[in-house]
Amino acid sequence: MSSLTPCLLGKKVFMDGTNQRYYVVKYEEHSGKKKKNVLLFDQDAPVIFAVINHDGKFLDSFYLSNKTTEDSAQALERYKQIVERKKRHKVTQDDLRDSLKSVDDAKMKNEHIKKHLIDEHLEDIKHLWPSRLLTLQITEGKSENSLIIDALRIAVDEANPVKSFQFLTLHRFDSLIPILGKHIESQPQLIDEISNYYLSHDHKDIVEEFLYEAVKHIPMQEQALIEKLLQTAKRMDHIYYSNVLRHVLGKFFNRVKKETGEAPKDWLKEMIQDRTLKHSIVKELKKKTG
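Under the numbering used here, the first residue of the sequence shown carries the number 65, and numbering increases by one thereafter.
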């Protein structure tokens, strides 16, 4: 299985064997399925344009002062547009430094800092822009509960779930993907999109946590959606010899008892129409009951 495409934002690229002179990737965009266009910076100035394949190897690079191509010109133009938009956000350098601290340790002299961070995340998610906030978190962050991450969780909850999925994978913040399970009713395609993506890269844990979150939010009479989720759990068990289907059933049964008063097995008969799935569930229930 192929590995997850790395996020290059914040990566240092050393230009000689001394490990002293380097440039930093501060802008990247996909160019097809297996390539990225990136801009390498010296401080705040873009200096080099490069084309990099999906596993981080350079395919082409040149100094922007020596050469221009259509792709490099477009990357520079998009970067400049993003910079201009960022100027509208009322976030100072002090705010950015403060945003790296944990929620408990941040001074928050700017009482609106959290709203500004959320707004910037939302704009980046909407346009699928490379995030300066997440680049900062990647390069300098020491707290997994920083204001940046706290604001990102809120933004992911508010934004278009499909865009959030794309944004999180672009920046390799895969650990937040399970949050999207709460949007399963409005975006049922996420079951296939997330499971296909992560299972093809052998990341079962993310899909598992996503399904467990989704179970909490599916209306108890959404037959097609419930069956789809159970099919995905069954697929995972087939691949990994795991017990995801059993755990998902247990979570559904707990909801049935608390919310409907109906017998779980009666509810299950109404929900499951696919015979193969029904057979798999019967086998799991027999295991569970001995």
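Glycine included, C-beta positions come from ideal geometry on N, C-alpha and C.
Predicted, not measured: the structure shown is a model, and the values here were computed from it.
Drop a sphere of 10 angstroms on the beta-carbon of N130, count the other beta-carbons inside from all chains shown, and report buried for 16 or more, exposed for fewer. exposed
Using a 10 Å radius around the Cβ and a threshold of 16 neighbouring Cβ atoms, would you call V312 buried or exposed? buried
To the nearest angstrom, how far is the alpha carbon of E204 from that of I112? 23 angstroms
Give me the Cα-Cα distance between G354 and V346, rounded to the nearest whole angstrom. Bear in mind that the predicted position of G354 carries a pLDDT of just 43, short of 50, making it unreliable; the figure below should be weighed with that in mind. Computed Cα separation, rounded: 12 angstroms.
Buried versus exposed call for Y262 [16 or more other C-beta atoms within 10 Å across all chains shown]: buried
Using C-beta distances below 8 angstroms, list every residue in its chain close to H247, excluding the 5 sequence neighbours before and after it, in chain order. P225, L254 and H281
Evaluate C71 with the Cβ neighbour count: other Cβ atoms within 10 Å of its Cβ, from every protein chain shown; 16 or more gives buried, anything less gives exposed. buried
Neighbourhood of D338 by C-beta, 8 angstroms cutoff - its chain only, sequence neighbours within 5 removed: E291 and Q295
Cα separation between I212 and R161? 10 angstroms
Can you name the start and end residues of the beta strand (DSSP E) that F113 belongs to? A109 to N117
Beta-carbon spacing of G74, T199 below 8 angstroms: yes
Going by beta carbon distance, what residues of the same chain come within less than 6 angstroms of H118, once the five residues before and after it are set aside? T69 and K98
Just mark I336 as buried or exposed, buried being the case when its beta carbon has 16 or more other beta carbons within 10 Å. buried
Length of the line joining the Cα atoms of M79 and F122: 12 angstroms
Counting only beta-carbon separations shorter than 8 angstroms, does K144 have a partner in chain D? In the structure shown, chain D cannot be found, because there is only a single protein chain.
Does N260 pass the burial test, meaning 16 or more other C-beta atoms within 10 Å, or should it be called exposed? exposed
Inter-stretch contact (C-beta, 8 angstroms, three-pair minimum) for the stretch 169-179 and the stretch 133-140: no
Separation of K329 from E257, as counted between CA atoms: 30 angstroms
Roughly how many angstroms separate the alpha carbons of D188 and L103, rounded to a whole number? 18 angstroms
Pick from M284, P110, K144 and K342: whose alpha carbon is nearest that of E323? M284
If contacts are defined as beta-carbon pairs under 8 angstroms, then L197 and E208 qualify, I think. What distance do you get, rounded to the angstrom? With a Cβ gap of about 15 angstroms, L197 and E208 do not count as contacting.
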